[in-house]
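Student: Below you will find the structure I want to go over with you.
Residue numbers (this note's numbering): 918 to 1271.
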C-alpha cells in the first residue's frame, strides 16, 4: 500500500471545509470541531482503502497479480501487473469496489440506530454513510475510467467477443459522464435559484477534466486494440539472417539485401544491423576497418523486441509499446531468426495512420 503525498492535500481540504460545518452543527469549539473533521478525513481514507483492497483481494482470488494499492488526490487506485483475461473477471474485479462502499454505507446506517440523536459519533456516522453512498453511486457511473465503465466494457466485450469494442464504448460513455459532472456542478445550484460557488465549480471542473482524460486514454487504448486485432505480423516481416555478435562486420555485411541480427553465445538476438547500414559500410572507403566486430556497428536490442512468428496482435502491441528500437526480430519455434518487422509500419497499422 502506498499513501501518496497528494492525499494529505485532500485531508487538509476536508478538514478546512468540514471543520466549520461541525462547529455550526454541534456548537463546539474550533479545536474540537477541526479534530472531528480530521477524524472524518481518516474515515474517508479507510473507506478508500476498503474500496481498493476489495479490488485487490478479488483480483488475487481470481489469479490476477496486484502491483500496489495507492491512496492519492483523487481517492485511490489499484495497479495490476496484467489485465483480466475474461469479461466476467474484469467486471467482478471492478464492481466489488463500489459494492464495498455500499456495504459500509449500509453498516453505518444500521449503526445510526444505536447512537444518540445528537453528538460527534452521530455526525461522523452520517457523514460516513453519505460519503460512501455517494462514492458507490459515482463509481458505478457507466464510463471509463470509473468502475462502472469497466463493467460496461466487460458487457460489450462479452456480447461482441471483442475487447476493443468494449473499451471504445466505455471510453465514449466516460466522456459523456465527464460532461455530465460539469453540467451537474453548474446546473444543480442554478435549479435551486443559487449561483454555483467557486469551490463547486473548481472541484466539478477538476473531476470532469480527470474523467475526460481517463476516457480519452481509454478510447486511445481501444483504437490500439482494434488495430492489434486486425494486425497480421507476416505482412510486416522483412528477410533477415542471424550471425554471431562477435562476427567480423565485413563478413556480416556481405549480403546487404537482408538485415543481420546479432546473436549471443546462447543464440539469442542482442542487436541488429539494418541492411541500409550494411550498404553504407560496404560503400565506405575500404569498407569496415579490419577486425571490426558486428557489436561495434549494430543497434542493441531491447529484450522485448523479439517476437515469435505466430505472435498475436496483442503480443506485437506489447512488444512495440515496450521497445525503443526500429525493428522487431521475428523468430521461429526453435528460436532461429526468420526476419524483422519495422516498428514504424506496425505502429501505423495499429493506429490506422500511415
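Here a beta-carbon is modelled for each residue, glycine too, at the ideal position from N, C-alpha and C. Computed from a predicted structure; not experimentally measured.
(1) Per DSSP, what kind of secondary structure is residue 1079 in: helix, strand or coil?
(2) Could you give the first and the last residue of the continuous alpha helix (DSSP H) run that contains residue 1215?
(3) Using DSSP bridges, identify the partner residues of residue 989.
(4) Quick check on the DSSP output: the alpha helix (DSSP H) that includes residue 1131 runs from which residue to which?
(5) Could you tell me which residues DSSP pairs with residue 1259 in its beta bridges?
(6) Report all residues from its chain with a CB closer than 6 Å to the CB of residue 955; omit the five preceding and five following residues, and keep chain order.
(7) If we ignore side chains and look at the alpha-carbon of each, how far apart do residue 1113 and residue 1230 end up?
(8) Nearest-angstrom Cα distance between residue 1277 and residue 1011?
(9) Taking its Cβ as the centre, do 16 or more other Cβ atoms sit within 10 Å of residue 1193, making it buried, or is it exposed?
(10) Classify residue 1017 as buried or exposed, calling it buried when 16 or more other Cβ atoms lie within 10 Å of its own Cβ.
(11) Just to confirm the assignment, what range does the beta strand (DSSP E) spanning residue 1016 have?
(12) Short check: CB of residue 1217 to CB of residue 1237, under 8 Å?
(13) Per DSSP, what kind of secondary structure is residue 1224 in: helix, strand or coil?
(14) Between residue 1212 and residue 1160, is the Cβ-Cβ spacing less than 8 Å?
(15) Considering residue 1176, what are the terminal residues of the alpha helix (DSSP H) in which it resides?
(16) Could you check the C-alpha separation between residue 1129 and residue 1071 for me, to the nearest Å?
(17) Mapping the DSSP letters down to three states, classify residue 1158 as helix, strand or coil.
(18) Taking the alpha carbon of residue 1096 as the reference point, which residue from 1117, 1121, 1079 has its own alpha carbon closest?
(19) Quick check on the DSSP output: what are the complete alpha helix (DSSP H) runs of length 4 or more inside the stretch 1049-1098, in order along the chain?
(20) In its own chain, which residues sit with a C-beta less than 6 Å from the C-beta of residue 1243, not counting the 5 before and 5 after it?
(21) By a C-beta neighbour count over all protein chains shown, 10 Å radius and 16 as the cutoff for buried, is residue 975 buried or exposed?
(22) Please state whether DSSP places residue 984 in a helix, a strand or coil.
(23) What do you get for residue 964, buried or exposed, if any count of 16 or more other CB atoms within 10 angstroms of its CB means buried?
Tutor: Working from what's here:
(1) coil
(2) Note, residue 1215: premise wrong, no alpha helix (DSSP H); not H, not E.
(3) 992
(4) 1115-1146
(5) 1244
(6) 932
(7) 49 Å
(8) It is not possible to answer for residue 1277, since the shown part of the chain is limited to 918 through 1271.
(9) exposed
(10) buried
(11) Here residue 1016 belongs to no beta strand (DSSP E); instead the alpha helix (DSSP H) covers 1004-1029.
(12) no
(13) strand
(14) no
(15) No alpha helix (DSSP H) holds residue 1176; the beta strand (DSSP E) holding it covers 1176-1180.
(16) 20 Å
(17) strand
(18) 1121
(19) 1064-1077
(20) 1260
(21) buried
(22) strand
(23) buried
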